[in-house]
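**Student:**
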Amino acid sequence: MQPQSATSARTYALPSVKFQSVATLIAVAAAVALPQVFHLAGAAMGLGTMIGQTLLPMHLPVLLVGLLAGPFAGLVTGALAPIVSFLITGMPMAPMVPFMVVELAAYGLIAGLLRGVRLPAAVPSPLGWLAKLVAAQIGGRLVDALAIAVAVTLLGNAQMSVASVWTAVGTGLPGLVLQWVLIPLIMFVVDRHRD
């Protein structure tokens, strides 16, 4: 077993193509199923079916697979999840699908790219994963804002505005907090089992 400082400082080689493929399939399935579970739970608890906008369940598997399996798995999961979900469940609404594809693909890609970033040995593993997660979240939101700006400017899409990105951040704050707790915890457990 390596000491904690070595755990924080190590780099992570990309997993096998088989692992990446299986992880992608599982993550896409989870990204389709989790929102449905949250919608049903929200309806059952009287919170409404739009609880997904608050808890961001589709984001969890995308960010997690990027950190676990790398940029290809993150990118593919992020791009496929909204499309597969729309085809199976009708959610998200059709006008939102392209924006969610861009945003979630960016989350997965950035998380995957940050997966192997070497942090100083003094940074404990959970804080390192949290830093990578927050960077991926910020990057994904910036890409989403850029996609919306292009849609508004070049395509004349008056239904969207860049300000809606910041509104979504406020609405989704409980989901962000959930991600900040769960994902570093899961990655810390994975790190412990790698030793």
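Residue 5 is where the sequence shown starts when you use the numbering used here, and the numbers rise one by one after that.
Positions of the beta carbon are idealized from the N, C-alpha and C atoms, including for glycine.
All of these numbers come straight from a predicted model, not from anything done at the bench.
Could you have a look at P75 and say whether DSSP puts it in helix, strand or coil?
**Tutor:** Three-state DSSP puts P75 in a helix.
**Student:** Rank P99, A77, L158 by C-alpha distance to the C-alpha of V21 and give the top, closest one.
**Tutor:** Residue A77 is the option with its Cα nearest to V21.
**Student:** Identify, in the order they occur along the chain, each residue of the same chain with its Cβ nearer than 7 Å to the Cβ of G176, setting aside the five sequence neighbours on each side.
**Tutor:** Excluding residues within five positions, the ones whose Cβ falls inside 7 Å are Q57, T58, L60.
**Student:** Note down the Cα distance separating W137 from Y111, rounded to an integer number of angstroms.
**Tutor:** According to the sequence as given, residue 137 is Leu; it is not Trp. Approximately 9 Å between the Cα atoms of the pair.
**Student:** Where does T11 sit, in a helix, a strand or coil, going by DSSP?
**Tutor:** Only weak support exists for where T11 lies, its pLDDT of 42 falling under 50; the coordinates are left without a value.
**Student:** If you draw a straight line from the C-alpha of L134 to the C-alpha of R145, how long is it?
**Tutor:** Each residue's alpha carbon lies about 16 Å from the other.
**Student:** Taking all protein chains shown into account, do 16 or more other C-beta atoms lie within 10 angstroms of the C-beta of M49, making it buried, or fewer, making it exposed?
**Tutor:** Counting Cβ neighbours within 10 Å, M49 comes out exposed, since fewer than 16 surround it.
**Student:** Which stretch, first to last residue, makes up the alpha helix (DSSP H) that contains R196?
**Tutor:** First-last of the alpha helix (DSSP H) with R196: 177-198.
**Student:** What's the call for F55, buried or exposed, on a 16-neighbour Cβ count within 10 Å?
**Tutor:** One detail in the question is off: residue 55 reads as Ile in this sequence, not Phe. With 16 or more other Cβ atoms within 10 Å, it is buried.
**Student:** Check this for me: beta carbons of L117 and G82, under 8 Å apart or not?
**Tutor:** Result no, Cβ atoms of L117 and G82 do not sit closer than 8 Å.
**Student:** Return the first residue and the last residue of the alpha helix (DSSP H) that V21 is part of.
**Tutor:** Where V21 is concerned, the enclosing alpha helix (DSSP H) stretches over 21-48.
**Student:** Indicate the three-state DSSP secondary structure (helix, strand or coil) for M5 in the structure shown.
**Tutor:** With a pLDDT of 40 at M5, under the threshold of 50, the predicted position of this residue should be treated as unreliable, though the coordinate-derived value follows. The answer is coil: DSSP assigns M5 none of H, G, I, E or B.
**Student:** Mind checking V66: buried by the 16 CB within 10 Å criterion, or exposed?
**Tutor:** Result: buried.
**Student:** For A109, does the three-state DSSP call read helix, strand or coil?
**Tutor:** Note: A109 maps to helix in three-state DSSP.
**Student:** According to DSSP, is L67 part of a helix, a strand, or is it coil?
**Tutor:** It is helical.
**Student:** Return helix, strand or coil for R145, following the three-state DSSP convention.
**Tutor:** R145: helix per DSSP, three-state reduction.
**Student:** My assumption, with CB atoms under 8 Å, is that I87 sits in contact with V105. Please give the rounded CB distance.
**Tutor:** Rounded, the Cβ-Cβ distance is 6 Å, consistent with contact.
**Student:** Cβ of G74 within 8 Å of Cβ of R119?
**Tutor:** Yes; because the gap between Cβ atoms is below 8 Å, this pair is in contact.
**Student:** Start and end of the alpha helix (DSSP H) containing L59?
**Tutor:** From DSSP, the alpha helix (DSSP H) with L59 extends over 55-59.
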